[in-house]
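Contents: one structure, followed by commentary.
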Amino acid sequence: MRKNSFLFGHIFVSASQPLYTKAYFHIFLMSAKSASKVGEKGFAKSDAAIDVSASFCGVKLRNPLVLASGIVDTTASSLIFAIENGAGAVTCKSISLEPRKGHGSPIIVTNESGMLNAVGLSNPGLASSIEEIKDAKKRLAAHKDKELRNARIIGNVFATSIEDFAKAAKEISKSGCEMLELNLSCPNVKDEFGEPFACNPAMAAELTKAVKKALKEANKDANNKINLPILVKLAPNVPDIAKIAKAVEAAGADGITAINTMPGMFLDLKTGKPILTNKSGGYSGPGLKPIAVKCIYDIYKAVKIPILGTGGVNTGKDAIELMMAGATAVGVGSAVYYRGISCFKKINNEIAEWMKENNVSSLKEIIGKAHK
Amino acid sequence: MKQMNYKKKGCKCIGALQLDDPFPMRMLKIEKIVQENSNVKNFFFNHKLNSKPGQFVMIWLPDCGEKPMSIAQDFGEGFSLAIAAIGKVSSTICCAKVGDYVGIRGPLGTCFSLADTNKKIENKNNNQKNKDVNLVKSIALVGGGYGAGPMASLAELAIKKGLKPENIHYIVGARTKDLLLFHKRLEGTGVNIHVTTDDGSYGIKGRVTGALNNIIKESKDNIKKNDKNKTKDKNKIDKIYTVGPELMMKAVYDVAVRENIDCEISLERYSKCGIGVCGSCAVDPTGERMCIEGPIIGKEKIAKITEFGRYHRDASGNKIRY
Numbered sequence: 109m110r111k112n113s114f115l116f117g118h119i120f121v122s123a124s125q126p127l128y129t130k131a132y133f134h135i136f137l138m139s140a141k142s143a144s145k146v147g148e149k150g151f152a153k154s155d156a157a158i159d160v161s162a163s164f165c166g167v168k169l170r171n172p173l174v175l176a177s178g179i180v181d182t183t184a185s186s187l188i189f190a191i192e193n194g195a196g197a198v199t200c201k202s203i204s205l206e207p208r209k210g211h212g213s214p215i216i217v218t219n220e221s222g223m224l225n226a227v228g229l230s231n232p233g234l235a236s237s238i239e240e241i242k243d244a245k246k247r248l249a250a251h252k253d254k255e256l257r258n259a260r261i262i263g264n265v266f267a268t269s270i271e272d273f274a275k276a277a278k279e280i281s282k283s284g285c286e287m288l289e290l291n292l293s294c295p296n297v298k299d300e301f302g303e304p305f306a307c308n309p310a311m312a313a314e315l316t317k318a319v320k321k322a323l324k325e326a327n328k329d330a331n332n333k334i335n336l337p338i339l340v341k342l343a344p345n346v347p348d349i350a351k352i353a354k355a356v357e358a359a360g361a362d363g364i365t366a367i368n369t370m371p372g373m374f375l376d377l378k379t380g381k382p383i384l385t386n387k388s389g390g391y392s393g394p395g396l397k398p399i400a401v402k403c404i405y406d407i408y409k410a411v412k413i414p415i416l417g418t419g420g421v422n423t424g425k426d427a428i429e430l431m432m433a434g435a436t437a438v439g440v441g442s443a444v445y446y447r448g449i450s451c452f453k454k455i456n457n458e459i460a461e462w463m464k465e466n467n468v469s470s471l472k473e474i475i476g477k478a479h480k
Numbered sequence: 002m003k004q005m006n007y008k009k010k011g012c013k014c015i016g017a018l019q020l021d022d023p024f025p026m027r028m029l030k031i032e033k034i035v036q037e038n039s040n041v042k043n044f045f046f047n048h049k050l051n052s053k054p055g056q057f058v059m060i061w062l063p064d065c066g067e068k069p070m071s072i073a074q075d076f077g078e079g080f081s082l083a084i085a086a087i088g089k090v091s092s093t094i095c096c097a098k099v100g101d102y103v104g105i106r107g108p109l110g111t112c113f114s115l116a117d118t119n120k121k122i123e124n125k126n127n128n129q130k131n132k133d134v135n136l137v138k139s140i141a142l143v144g145g146g147y148g149a150g151p152m153a154s155l156a157e158l159a160i161k162k163g164l165k166p167e168n169i170h171y172i173v174g175a176r177t178k179d180l181l182l183f184h185k186r187l188e189g190t191g192v193n194i195h196v197t198t199d200d201g202s203y204g205i206k207g208r209v210t211g212a213l214n215n216i217i218k219e220s221k222d223n224i225k226k227n228d229k230n231k232t233k234d235k236n237k238i239d240k241i242y243t244v245g246p247e248l249m250m251k252a253v254y255d256v257a258v259r260e261n262i263d264c265e266i267s268l269e270r271y272s273k274c275g276i277g278v279c280g281s282c283a284v285d286p287t288g289e290r291m292c293i294e295g296p297i298i299g300k301e302k303i304a305k306i307t308e309f310g311r312y313h314r315d316a317s318g319n320k321i322r323y
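Chains as they are written, first to last, in our numbering: chain A, 109 to 480; chain B, 2 to 323.
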């Protein structure tokens, strides 16, 4: 209730009579209660002064929160479920040309400071995934909640060669998704050492160029109807992430997603064995946040294209921190585990609350604040 | 529910918010192993799980894998898992010895409710706060194969909550006598036990739905008789619960719809993580994850889930028809 009085302070400021009677207090409580209900539904819609909408690569988002790739996002139904729970946009699970079963369980192991996952890029393959995205678009367009109709879907592809990347990107551009994210964290099988694309500026740039070219062809085929912004998702375990960001920007990337998970391992002390079937996995959650903030800070300094900041966002303040470092929109993944699927609504409410407390009326004011 | 444990803790860290790990993995020692039937072993652990009937756990065996398992029994101080050697994980645990360690996450998922949904609405209007008034009066529990464990647990809970044992119908079915499970667990409690086998090698020959139809018909006849005698309709079944193979549950659900009786089922889907992250158990078209928003779902939700009894998804996320 106290929180609400901050957020909806204007309710009793606007009351004309300064009578501090019991009855007046009662009215205040009642109005704060009803206002908080509106807040729970989405974000603080009732507060016209606060604008939590975001614009990313020219695509308007109703709020800056984006469901990160890999979390509850294989089917059209689960994408819509995340949107119904407050996500401004959703990213699909990484799609490959052929279906992949992924690793056997355990695929995720957790503690208070983060979670380690090695799902193994399981996905139903390009053809089924395109059908799922089309289905999701169709169902969103007819959604009973009008506000959700313009929620955005971001496709996500990965492959082990530049040719397959280009092929997958071209196909997926026809699915109706509004943006396309490239998952660069898998090894390039044609590279002598199988180095991941995300670790090598030249390779990352070459890949970006090839995908841009493939999309141009797709655009031509569709009579200039497809204009898909490309986001390149970068890995944090590189000596200089800004260098790679610069390289993909020069190659034509429209945005950067930063960061992917950090490689890690959890051991069981009773047996001394790694818990994940894949032994090692990608670390995300609260413990990843400072690494994400630093990477985003470095990338923001180096490039002009917008950043989708991802890494350890569990609260509104976490989201604000990533935005101050330079993120225009914010990815949310592990929070689905720590705070439940309603984490999007909760984080949105906390962002609005923070903005109110700190007299910030638009998110534009705080993006890149750390650099000013 | 555990995910709500989200605390504000002073100024310990920037952001001043500390998160709990909702479903940590615990290494637990196998305390006892009991052979339940020709292919099912019951594994006992000393750990306060605080589970409710219908919930499940994820079990991890080092160097082998992790699988969801339903909880056979929760004793308060400990719990047991009834496991048949079918896949890699279950076969491996069936070779385990007392004293071996198993990683356990849970309890996970939703649980069965003994609340009478119709009564709840009435009582809300009357502003009554007595919980027991909202309880169902007479129930049918239908367990197929390994589903008998959670059904027996629910019967035990119902008796504890004050339901009369004669108003509880426990229907257990299996293909053949050797595969029957927990059909003797409720003996001596006064619960009506109905055992069916497909081949007639034990109990009534036929399917569980046959037994269920008979019980409902009997209870209807009783109501008619009671109406003449103007006594209370104490035998009217007001809720059906079922756990078992999906097509069996679909048949039971269809009976519940036809007879206009409330119903709860346990809808299992391919569960990779069990903690609501991977999304492999999300159902169409609601997108709800059967490890968090399920596996126990009521009649209203079942009606919305169009894939129930039609298809499920494999490890990659592609559809597989029943």
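Even for Gly, the Cβ is constructed at its ideal location relative to N, Cα and C.
query: Check each candidate in 79(B), 174(B), 186(B), 305(B) and name the one with the smallest Cα separation from residue 49(B).; result: 79(B)
query: Secondary structure at residue 175(A), three-state DSSP: helix, strand or coil?; result: strand
query: List the DSSP bridge partners of residue 45(B).; result: 33(B), 81(B)
query: Checking 8 Å against the spacing of the C-beta atoms, do residue 404(A) and residue 415(A) come in under that value?; result: yes
query: For residue 211(B), collect the residues of the same chain with a Cβ closer than 8 Å to its Cβ; drop the 5 residues on either side in sequence, then sort them by chain order.; result: 197, 205
query: With DSSP run on the structure shown, which of helix, strand or coil describes residue 394(A)?; result: helix
query: Touch check for the segment 243-253 of chain A and the segment 155-173 of chain A: three-plus C-beta pairs under 8 Å?; result: no
query: Could you confirm whether any beta carbon from chain B is found closer than 8 Å to the beta carbon of residue 231(A)?; result: yes
query: Closest to residue 296(B) by C-alpha separation, out of 199(B), 34(B), 265(B), would be which residue?; result: 265(B)
query: Rounded to whole angstroms, how far is the Cβ of residue 263(B) from the Cβ of residue 240(B), which I believe are closer than 8 Å?; result: 5 Å
query: How about the segment 371-386 of chain A and the segment 188-206 of chain A: do they share at least three Cβ pairs that are nearer than 8 Å?; result: no
query: Please give the ranges of any alpha helix (DSSP H) in the segment 176-231 of chain A, keeping only runs that are unbroken, at least 4 residues long and fully inside the region.; result: 184-192
query: Under 8 Å between the Cβ atoms of residue 410(A) and residue 324(A)?; result: no
query: Is the distance from the Cβ of residue 335(A) to the Cβ of residue 291(A) below 8 Å?; result: no
query: Report the residue ranges of all alpha helix (DSSP H) runs contained in full by the segment 410-470 of chain A; include only those spanning at least 4 residues, in chain order.; result: 424-433, 443-447, 451-465
query: Give me the Cα-Cα distance between residue 90(A) and residue 443(A), rounded to the nearest whole angstrom.; result: For chain A, the structure presents residues 109 to 480; residue 90(A) sits outside this window and is missing.
query: Can you determine whether any heavy atom of the ligand GTP sits closer than 7 Å to the C-beta of residue 39(B), and answer yes or no?; result: The ligand GTP is not among the ligands present in this structure, which contains no ligands whatsoever.
query: For residue 313(A) and residue 347(A), I'd like the C-alpha separation in whole angstroms.; result: 17 Å
query: Closest Cβ-Cβ distance between residue 405(A) and chain B: below 8 Å?; result: no
query: Let me know the secondary structure DSSP gives residue 247(B) once reduced to three states.; result: helix
query: For residue 210(A) and chain B, any beta-carbon pair shorter than 8 Å?; result: yes
query: Less than 8 Å between C-beta atoms, sequence neighbours within five positions excluded: which residues of the same chain meet that for residue 209(A)?; result: 228, 230
query: If contacts are defined as beta-carbon pairs under 8 Å, then residue 232(A) and residue 207(A) qualify, I think. What distance do you get, rounded to the angstrom?; result: 5 Å
query: Who pairs with residue 283(B) in a beta bridge, going by DSSP?; result: 290(B)
query: Report, in whole angstroms, the separation of the C-beta atoms of residue 461(A) and residue 424(A), which I expect to be a contact under 8 Å.; result: 7 Å
query: Please classify residue 67(B): does DSSP put it in a helix, a strand, or coil?; result: strand
query: Under a three-way DSSP split, which group does residue 161(B) fall into?; result: helix
query: In chain order, what residues of the segment 271-303 of chain B put their CB closer than 9 Å to some CB of chain A?; result: 272, 273, 274, 275, 276, 277, 278, 279, 280, 281, 283, 284, 285, 286, 287, 288, 289, 290, 293, 294
query: Just the chain A side, please: which residues come within less than 7 Å of residue 67(B) by C-beta, in chain order?; result: 213, 214
query: For residue 224(A), which option in 472(A), 445(A), 480(A) has the closest C-alpha, if you only look at C-alpha atoms?; result: 445(A)
query: Pull up the distance between the alpha-carbon of residue 64(B) and that of residue 186(B), whole angstroms please.; result: 34 Å
query: Check the Cβ-Cβ distances between residue 20(B) and every residue of chain A, and say whether any is below 8 Å.; result: yes
query: So is residue 28(B) in contact with chain A if we call contact Cβ pairs under 8 Å?; result: yes
query: Return helix, strand or coil for residue 247(A), following the three-state DSSP convention.; result: helix
query: If we ignore side chains and look at the alpha-carbon of each, how far apart do residue 93(B) and residue 87(B) end up?; result: 10 Å
query: Please confirm if residue 47(B) has its CB atom under 8 Å from at least one CB of chain A.; result: no
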